[in-house]
Amino acid sequence: MEPRRILLAITGGIAAYKVPELVRSLGRAGHDVSCAMTASATRFVSPLALQTLTGAPVRQDLFDPSEEGEIDHIRLADWADLVIVAPATANVLGRMCHGLADDLVSAVLLATRAPILVAPAMNVNMWSHPATRANLETLAQRGVRRVGPGAGELACGWEGEGRMAEPEEIAAEAELLLGSKTLEGETVLVTAGGTSEPIDAVRSITNRSSGKMGFALAEEAACRGARVILVAGVTALATPAGVERQDVSSALEMREAVLGRLEDASIVIKAAAVADFRPEVREESKIKKESLESASGITLRLVTNPDILAEVCARKGDRLVVGFAAESENVVPAARRKIERKGCDLMVANDISRSDAGFGVDTNAVYLLTPDGEVEELPLSSKRVVAAHVLDRVEKLRSERRG
Ligand code: CTP
Numbered sequence: 000m001e002p003r004r005i006l007l008a009i010t011g012g013i014a015a016y017k018v019p020e021l022v023r024s025l026g027r028a029g030h031d032v033s034c035a036m037t038a039s040a041t042r043f044v045s046p047l048a049l050q051t052l053t054g055a056p057v058r059q060d061l062f063d064p065s066e067e068g069e070i071d072h073i074r075l076a077d078w079a080d081l082v083i084v085a086p087a088t089a090n091v092l093g094r095m096c097h098g099l100a101d102d103l104v105s106a107v108l109l110a111t112r113a114p115i116l117v118a119p120a121m122n123v124n125m126w127s128h129p130a131t132r133a134n135l136e137t138l139a140q141r142g143v144r145r146v147g148p149g150a151g152e153l154a155c156g157w158e159g160e161g162r163m164a165e166p167e168e169i170a171a172e173a174e175l176l177l178g179s180k181t182l183e184g185e186t187v188l189v190t191a192g193g194t195s196e197p198i199d200a201v202r203s204i205t206n207r208s209s210g211k212m213g214f215a216l217a218e219e220a221a222c223r224g225a226r227v228i229l230v231a232g233v234t235a236l237a238t239p240a241g242v243e244r245q246d247v248s249s250a251l252e253m254r255e256a257v258l259g260r261l262e263d264a265s266i267v268i269k270a271a272a273v274a275d276f277r278p279e280v281r282e283e284s285k286i287k288k289e290s291l292e293s294a295s296g297i298t299l300r301l302v303t304n305p306d307i308l309a310e311v312c313a314r315k316g317d318r319l320v321v322g323f324a325a326e327s328e329n330v331v332p333a334a335r336r337k338i339e340r341k342g343c344d345l346m347v348a349n350d351i352s353r354s355d356a357g358f359g360v361d362t363n364a365v366y367l368l369t370p371d372g373e374v375e376e377l378p379l380s381s382k383r384v385v386a387a388h389v390l391d392r393v394e395k396l397r398s399e400r401r402g
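Counting with numbering that gives the first Met the number 0, you get residues 0 to 402 for the letters of the sequence shown.
What follows is the structure, encoded as structure tokens:
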């Protein structure tokens, strides 16, 4: 990775004591780091320590003639290839959200055209407050990226979410953001999450898919500069920055959404856990026990859902299509049969019987299969890292195809 210019904006939270470690991680990667601090941040970490580590003056005051004379805040905002706000307090998130600019840090955040990465850190109640949630949602829609926070024991004595992400995690996220825009010009259609097949007005058949793998793919593709359309089934996840989302519920709705957006897509990734069967009849009202013919139970007749992936493959043209295979035994042979049957260009197979991979968890261990019989095994990694590998393979297939 080429050395880049990173402006580290530090706001006033106890996690600021970890910032020198972040400066060192970014410096080790060869980046040129400068710091800007709010007045309250200087109470938690010394400007002199940061100046020593970065070898650059630390900016603090919007109205100091000598500081502004050296390099004014607009030039500072223009200088940065990336701005990291760490720790990002609830206060700075609110100020960013409302476009306030009455101190150096908020003025730079408003003036910069560089991508912004925030690493929030605060008390758990501040974090879960509707005002903070709304501010984060607005910032995400504007393309501000977020890393963390994690959960655990907080400096204020409370337990829960609000701990700033570790410096290495923030540095890794910064690398992703600074990465080259290798999917610029592509439109990636991703499906994620489970589907919900209605039985009656209140009941449905669904599965344990969390949507995390598909969302990680959508996020990674957006980071690489693609336009991303995310067709999301049942999931509780927030929309990644810069991603266009369409929510669906049943397999039939997902099919309609996918086929409706197919024309726009140059790459299709089907990570959703689509229910194979749906109740033949959906009762309009709630099924009441006294209406049943037998008191001992009920028989549901299930009919097969259309295979969306196979349909996409049948009309794929020159699109690249990636499927997923969820297998509980004989993972590779089963996935090989699936790639032949469905006709996709790449199959990502995972063993859903493992507790550390597949449904619900943050990690995955997968095999990547191509129709020519090639199999690549990826070690257990975070879903974001798996997403990066999958997209690396997609890019490789794309360049092979282009010759
Ligand atoms: N898929 C789909 N439509 C379906 C079922 C599956 O598009 N009705 C897609 C999934 O999104 C995934 C791939 O097909 O990309 C494989 O899904 P999986 O559940 O592993 O396989 P199935 O085709 O359902 O086969 P089986 O249940 O026999 O393993």
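Every residue, glycine too, gets a C-beta built ideally from N, C-alpha and C.
- In the displayed model, S290 falls within a helix according to three-state DSSP.
- Note on the region 171 to 234: whole beta strand (DSSP E) runs with a minimum of 3 residues are 186 to 191, 226 to 231, in chain order.
- Closer than 6 Å to some heavy atom of the ligand CTP: that describes the Cβ of D275.
- DSSP, reduced to helix, strand and coil, places C155 outside both helices and strands of the structure shown, so it counts as coil.
- If you look at S33, you'll find it isn't in any alpha helix (DSSP H); it sits in the beta strand (DSSP E) that goes 31 to 36.
- Around the beta carbon of S249, a 10 Å sphere encloses 16 or more other beta carbons of the protein chains shown; the residue is thus reported as buried.
- Here DSSP, grouped into helix, strand and coil, assigns E399 to helix.
- Of all alpha-carbon atoms in E69, A133, R141, the one lying nearest the alpha-carbon of A240 is that of R141.
- If you keep only unbroken beta strand (DSSP E) runs of at least 3 residues inside the region 252 to 298, you get 266 to 269, 276 to 278.
- Rounded to the nearest whole angstrom, the CA to CA distance from T10 to T37 is 5 Å.
- Looking at E326, D71, L258, N90, the one whose alpha-carbon comes closest to that of M125 is N90.
- Closer than 6 Å to some heavy atom of the ligand CTP: that describes the Cβ of D306.
- Across the set R94, R144, R3, the C-alpha of R144 shows the shortest separation from the C-alpha of T238.
- The ligand CTP approaches A324 closely enough that one of its heavy atoms is under 6 Å from the residue's Cβ.
- In the three-state reduction of the DSSP assignment, V82 falls in the strand class, which pools E and B.
- Within the model, the alpha-carbon separation for R277 versus M95 is close to 46 Å.
- Closer than 6 Å to some heavy atom of the ligand CTP: that does not describe the Cβ of K315.
- Distance check between N349 and each of R400, Q59, G357 places G357 closest, using alpha-carbon atoms only.
- For A271, the distance from the CB to the nearest heavy atom of the ligand CTP is below 6 Å.
- Sequence-distant Cβ neighbours of H128 in its own chain, meaning closer than 8 Å and more than five residues away, are A89.
- For the region 314 to 389, the full-length alpha helix (DSSP H) segments reaching 4 residues or more read 330 to 341 along the chain.
- For V302, the beta-bridge partners assigned by DSSP are R277.
- Within its own chain, the residues whose Cβ lies closer than 7 Å to the Cβ of P56, once the five positions on either side in sequence are excluded, are Q50, E69, listed in chain order.
- Here DSSP, grouped into helix, strand and coil, assigns G161 to strand.
- Cβ neighbours of H30 within its own chain (closer than 6 Å, five residues either side excluded): P2, R3, I5.
- According to the DSSP assignment, V242 belongs to the beta strand (DSSP E) that extends over 242 to 246.
- Residue K269 holds the alpha-carbon nearest to the alpha-carbon of R318 among K269, A324, C34.
- In terms of Cβ geometry, T181 and R132 do not form a close pair [threshold 7 Å].
- For V146, the three-state secondary structure derived from DSSP is coil.
- Taking the Cα of V107 as reference, the smallest distance to any Cα among A35, T53, A150, G149 is reached at A35.
- For I266, the closest alpha carbon among the candidates V393, A100, G26, D63 is that of V393.
- Scanning E243, L116, L258, G156 for the CA closest to the CA of A225 turns up E243.
- One alpha carbon belongs to L138, the other to A235, and they sit about 19 Å apart.
- Note that the C-beta distance between V320 and V389 is not below 7 Å.
- Assignment of beta-bridge partners to L7 by DSSP yields C34, I83.
- Look at V117 here: in three-state DSSP terms it is strand.
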